[in-house]
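Working notes, beginning with the structure itself.
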Amino acid sequence: RQALRRAWSLDPGIRDYAGPADYAWDFNAVDGVPGFSLTLGGDVRKLLAQAIGQLLPEAEAEAAPPSFLPPGTIPAPIPPIAADPAPQDSVRLAVEATPVLTLPPGPELLAEVALPTRRHGSATPA
784 RQALRRAWSL DPGIRDYAGP ADYAWDFNAV DGVPGFSLTL GGDVRKLLAQ
834 AIGQLLPEAE AEAAPPSFLP PGTIPAPIPP IAADPAPQDS VRLAVEATPV
884 LTLPPGPELL AEVALPTRRH GSATPA
């Protein structure tokens, strides 16, 4: 322990370190809190356009794919979609084998269940 304490006391980076504490920040100053500033770094116009989903003109030219094919090229044919196979009997058997669910008890069955008697509190809502 003493060796670490000695090493820490010799290194000014460790010795003079004061960790971030919210009570040490000046909330009234413009740059009083680290990470919160009125100035934005970088190109604000580009950042704002990206945030709202608009592209700048130079970005549009680069990002736009060609809407036509060059002359002399033939597009590849689209393969036909294979039809889904017909359902098999084993699937139907699995559906038929599921147990039938019963409905919850009706009001006549619930009326037969005895409610516990009240011990106190005779007030009723108006």
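Residue numbers (this note's numbering): 784 to 909. Backbone N, C-alpha and C fix where the C-beta goes; we use that ideal spot for every residue, glycine too. Since the structure is predicted, the reported quantities are computational estimates derived from the model, not experimental observations.
The C-alpha of residue 820 is placed about 12 Å away from the C-alpha of residue 811.
Annotated as proximal: residue 792 and residue 798, with beta-carbon spacing under 8 Å.
Separation of residue 907 and residue 804 (C-alpha to C-alpha, rounded to the nearest whole angstrom) is 56 Å. Counted as a single uninterrupted DSSP element, the stretch harbouring residue 861 is not any alpha helix (DSSP H), since DSSP gives it neither H nor E. Cβ atoms of residue 808 and residue 815 come within 8 Å of each other, at about 5 Å. Spatial neighbours of residue 836 in its own chain (CB-CB distance under 8 Å, excluding positions within 5 residues in sequence) are not present. Residue state for residue 816 is assigned as coil, using DSSP reduced to three classes. For residue 792, the three-state secondary structure derived from DSSP is helix. In the structure shown, the three-state DSSP call for residue 785 is helix.
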